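Residue numbers (the numbering used here): 148 to 448.
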């Protein structure tokens, strides 16, 4: 069997030819590796929402549309048993973002899963897909449709009404729901933001829609002028680097109303953009502030 006849999978996965060897040591050794894409969801509508569902929000789902057919699909943070995609018994197609990827381009992995599940029978689920197809989500989806997912308190949206009536479904949901971090959306004009309540602290996570390095410089200017906060009783903790975007995180008081953070982020968004649009080099004070911010960064993917 030639390399062209074997489906492309991740380099460390078993080769589809059935030898039991890893793909990279079998039929994958003759194929050129797929390029790594640090910002895989760039070009999709509301990029920060895609990153949020992949990295931050435990239970959420939104609608997207397949460009070629007009078929609506559900894009979810997570699906049962961590599968890549499902086609429910009622024909609804669901695609997960919180999955392991293997190609170096999350958009390509998810496009492979979507392509496979669209062809599958009702009631099917899959893990991964054939990466020999070079399509990405940006190629498959209707980019004119805004992506506006809704956060959920549970995973009821996974199942049909008929499935929800089954005792085993309810038992499975109870097990999953015990691990959900309480998360609420904060309405913002710039990017996406979420209030997240952990057992030991409450934080606000703000996903910025711009390129990482310039965003970091803008935050450094705000930090140097003591403006990098959400008001009294809040403090900047650090930032995630997630799928090519920067996600500042703020420690906040649990009892503060969500509306207060909407107002605070409106103000912070305005001064952030003023800082972001500056072209001049950072001052020595701002460079020191930037070094401090870099020291508190964590890369998720």
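No residue lacks a Cβ here, since even glycine has one placed at the ideal position from N, Cα and C. Keep in mind that this is a model prediction, so the values were computed, not measured.
Where the alpha helix (DSSP H) through residue i begins and ends
i, result
"residue 220", "Run containing residue 220: none in the alpha helix (DSSP H); it sits in the beta strand (DSSP E), 219-223."
"residue 262", "253-265"
"residue 413", "405-423"
"residue 441", "431-441"
"residue 272", "Unbroken run through residue 272 is the beta strand (DSSP E), 271-273; no alpha helix (DSSP H)."
"residue 364", "359-371"
"residue 206", "Note, residue 206: premise wrong, no alpha helix (DSSP H); not H, not E."
Contact under 8 Å by Cβ, residue i with residue j
i, j, result
"residue 233", "residue 225", "no"
"residue 445", "residue 391", "no"
"residue 298", "residue 330", "yes"
"residue 192", "residue 292", "yes"
"residue 356", "residue 254", "no"
"residue 296", "residue 167", "no"
"residue 394", "residue 437", "no"
"residue 363", "residue 415", "no"
"residue 206", "residue 301", "yes"
"residue 328", "residue 344", "yes"
"residue 223", "residue 242", "yes"
"residue 310", "residue 316", "yes"
"residue 195", "residue 338", "yes"
"residue 199", "residue 341", "yes"
"residue 259", "residue 290", "no"
"residue 240", "residue 264", "yes"
"residue 411", "residue 378", "yes"
One or two residues paired with residue i in a DSSP bridge
i, result
"residue 315", "Residue 315 is not bridged to any residue."
"residue 353", "340"
"residue 398", "350, 382"
"residue 446", "388"
"residue 213", "288"
"residue 161", "169"
"residue 393", "388"
CB-CB length for residue i against residue j, believed under 8 Å
i, j, result
"residue 368", "residue 422", "4 Å"
"residue 214", "residue 288", "6 Å"
"residue 182", "residue 276", "That pair is no contact at about 18 Å."
"residue 246", "residue 231", "5 Å"
"residue 244", "residue 201", "4 Å"
"residue 409", "residue 335", "7 Å"
"residue 160", "residue 249", "6 Å"
"residue 387", "residue 396", "7 Å"
"residue 418", "residue 374", "6 Å"
"residue 433", "residue 371", "4 Å"
For residue i, the first and last residue of its enclosing beta strand (DSSP E)
i, result
"residue 242", "240-243"
"residue 335", "Per DSSP, residue 335 belongs to no beta strand (DSSP E) and is neither H nor E."
"residue 233", "232-234"
Heavy atom of the ligand SAM within 7 Å of residue i beta-carbon
i, result
"residue 298", "With respect to the ligand SAM, the structure shown offers nothing to examine, as it has no ligands at all."
* 4-residue-minimum alpha helix (DSSP H) runs that sit fully inside the region 285-331, ordered along the chain -> 308-311, 314-324
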